[in-house]
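Below: one structure, written as structure tokens.
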Amino acid sequence: MLVLWLACVLWLACVLLAFPAAAQPAPPVKATIDLRSAQAAPAGWSSTVPPTDGWTSVALDDLWDARWPGHDGVVWYRLHWNQADASQPLGLLVGYVNSAYALYVNGSLVYRDDHLTEPLSRTWVRPQYFLLDKPLLRQGENTLLVRVSGLAAYQPGLGVVTIGEPGAVQARQRRGEFWRYHMQLFGLAVGLVFGGLFLILWLLRRKDTYYGWYALSTLFWMAYSFNFVAFDPWPFDNTDAWEAVNAAAYMAAATAFAIFLLRYAGHRWRRTERVLLVLCAVLWIAALGWPQWIGHHRALPFLIGCSTYYVGVFGFVGHTLRHRRTDCYVLAASLVIPLVVSLHDMLLFFGVIHDDTYLMGVTSPLTIIGMGFALAYRFAVAMRRAENFAAELQHEVNAATRKLTETLQREHDLALNNARIGERLNLVRDLHDGFGGSLLAAISALEHPRRQADPAQVVTTLKELRDDLRLIIDTTTHEQDTDLAGQIAPLRHRWTQRLEAMGIESAWTVQGVDDRRLGAMRVLELLRFLQEALTNVLKHSGATRVQVAIRCMDGRLGVDVRDDGRGFDPAASSLHGAGLPSLRARAGRLGAALQIDTSPGQGTRLNLDAPLPQGA
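Under this note's numbering, think of the first position of the sequence shown as 80, with each following residue one higher.
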């Protein structure tokens, strides 16, 4: 909004400044006289006096490049008028001279530019007013000589000369100077300010590249527009270099502006942009390396730049009509007047029409106003979004929470289903591998026709089946909600009672098993290992005391079962099937090392050392 306000203020200030000059009443027809007929004669750079012959009648405005192609140097113009009353001062207005000149009235030097040879002065940027009085003025015929220095490639010549009542002539000069010089200077200043402003905006918001391209186009346009206010070709030492760089600046400004319109419309034409940028780079290199050639052929880069500008503007207008965005409408509208004015300037540049004023620089603030509105509009939209951010954020959070809840619920249901399926599979596997196998063996033994069933053996087998079934039920029932300590507790309770019933004292030590979850299969193997070890104590050891220690620490699981029974010879016992191979097999399935310490009369000690699974 600040940009739009500043642009409007500057534009209104400009209009107010223009009002006094524009509001002055037009002078009476007889107050001024336009001298439109003259004689012209070419001469060399060193000519200091008009030639004696070779004069040709010409009509002003006159550009000598069509009459004398390739003539670089001096052309003298001679004009005559009759002065009825030489006692009254006379105003004289030279509207347009390209490029440098000297002015003589009745043979006396009235004005001379600083540089009549290269680097040529550039007096054409504004009209000049002179007050003539006695003794310069004569009664009757007076002669005006204008010595013009110029280069044929840059439209050299002389415009209309006006004489008349000093106040009326000076008023015309002020109007011309305002539109041709002061308005150009104003546009240059505004462009520099806003070009710098948009450059800062781009530096602060690099992702909005259209700010950077607009700033670049504005700065290049200011470099080109300096052509209309500069009185000499500094920092160059010749006109060719000045004109070559001026053409390159115009091409760069048009290219950057077209890319800005593309970016603002949300498009990126990479190949087209690269081609244009490469052309600009080549043109700049050529302008600095071969300025005379580029200067003499400057029409080509101006034609390419002008075409690029028109295509960009028309393309943006088409985009605006398709997408109907308010900011685009305003920006497109602000481009219409400069577009029409640019046609006037192009026709003037190529010599199709004759005039002394380029108007494009005068209308450049309109584009700045459009950009200011676009910036203010986007800022207002951003502010509205910021004001509604809390509501939008809450809405998005609620939507995300709802989706997350639904996802978690689905995952929870899936996990429950997988757990139930896993429990069933584990139960089936345990029944098949353990309980089922033992039951099948007992049935086969009882059905054997040649073997008489021993009631005690049958009871023992049934007790083993019962114990194994309890282990399966315990591990399956408490797998999801009980740690290792809770899964050991039922086994500990049953075996403590069973050992006491047989007169065997038991002592249990359990450390570090709280919050440990090993998984159903590993827990079942561990409990079966303990059950088998205690069964051996109960059946074979003749012990009066047994100690059971279960410890989890440092990533290891340790199980120690020690009794004070009769002991045995491990080698002889393994040969006679005392159950040690089964214990070793279970230890192997746990990935554990099993150590057996025993000897006859010294009791038995089983030590199991297994790694804890990751995350247990």
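From the three backbone atoms N, C-alpha and C, an ideal C-beta is built for every residue, glycine too.
Return the CA-CA distance between residue i and residue j, expressed in angstroms with no decimal places.
i      : j      : result
Gln442 : Val420 : Strictly speaking, residue 442 in this sequence is Thr, with Gln absent from that position. Distance between the alpha carbons of Thr442 and Val420 is about 8 Å.
Val354 : Ala181 : 46 Å
Ala105 : Trp124 : In this prediction, Ala105 has a pLDDT of 40, which is less than 50 and means its spatial position is unreliable; what the coordinates show is noted afterwards. For Ala105 and Trp124, the distance between alpha carbons rounds to 40 Å.
Arg284 : Ser296 : 18 Å
Arg573 : Lys482 : 49 Å
Ile338 : Asp319 : 29 Å
Ser187 : Asn177 : 21 Å
Arg663 : Val476 : 57 Å
Ile432 : Ser116 : 19 Å
Phe393 : Pro380 : 20 Å
Ser228 : Thr135 : 17 Å
Gly384 : Leu210 : 42 Å
Gly368 : Val460 : 48 Å
His398 : Ala344 : 7 Å
Gln576 : Ile583 : 10 Å
Leu654 : Asp688 : Since pLDDT at Leu654 reaches only 39, below the 50 mark, its modelled position is unreliable, and no value is offered.
Val592 : Phe647 : 32 Å
Arg457 : Leu400 : 19 Å
Glu485 : Leu472 : 20 Å
Ala568 : Gln674 : 25 Å
Ala580 : Thr614 : 14 Å
Asp164 : Leu171 : 15 Å
Ala327 : Trp363 : 6 Å
His474 : Asn467 : 11 Å
Leu158 : Thr222 : 6 Å
Does the beta-carbon of residue i, which I'm using as the reference point, lie nearer than 8 Å to any heavy atom of the ligand GTP?
i      : result
Gln162 : Annotation note on the ligand GTP: not contained in the displayed structure, which lists no ligands.
State the DSSP-derived secondary structure class of residue i, mapped to helix, strand or coil.
i      : result
Arg665 : helix
Gly374 : helix
Leu172 : strand
Ile447 : helix
Gln590 : strand
Ile675 : strand
Thr405 : helix
Ala165 : coil
Leu355 : helix
Glu197 : coil
Arg595 : coil
Thr623 : coil
Asn185 : coil
Arg146 : coil
Asn496 : helix
Asn317 : coil
Trp348 : coil
Roughly how far, in whole angstroms, is the beta-carbon of residue i from the beta-carbon of residue j, given that I think they are within contact range, below 8 Å?
i      : j      : result
Gly391 : Phe336 : 6 Å
Leu216 : Leu139 : Leu216 to Leu139, Cβ: 21 Å. No contact.
Gly644 : Gly621 : 5 Å
Thr436 : Trp258 : 6 Å
Thr241 : Asp113 : 5 Å
Ala331 : Cys359 : 5 Å
Val225 : Tyr156 : 4 Å
Gly174 : Pro206 : 5 Å
Tyr208 : Gln252 : 4 Å
Leu410 : Gly440 : With 8 Å as the limit, Leu410 and Gly440 do not qualify as a contact, their Cβ atoms being about 19 Å apart.
Phe395 : Leu340 : 4 Å
Asn317 : Pro121 : So it is not a contact: roughly 21 Å between Cβ atoms.
Based on the DSSP output, what are the partners of residue i in its beta bridges?
i      : result
Trp155 : Ala120, Arg226
Leu114 : Val240
Arg631 : It should be pointed out that residue 631 corresponds to Cys in this sequence rather than to Arg. BP columns for Cys631 point to Leu636.
Glu490 : Paired residue(s): none; Glu490 is not in a bridge.
Asp688 : Gly637, Ala672
Val137 : Ala117
Asp642 : Val625, Thr683
Ser585 : Val625
Tyr190 : Leu182
Trp160 : Asn221
Asn177 : Gly236
Are the C-beta of residue i and some C-beta of chain B separated by less than 9 Å?
i      : result
Asp316 : Going by chain labels, chain B is absent from the structure shown, which holds only one protein chain.
Taking the runs of the beta strand (DSSP E) that are 3 residues or longer, which of them lie wholly in the segment 205-286? 207-211, 219-229, 240-243
Considering only residues of the segment 408-482, which uninterrupted alpha helix (DSSP H) runs meet the minimum length of 4 residues and lie entirely inside it, listed in chain order? 439-466
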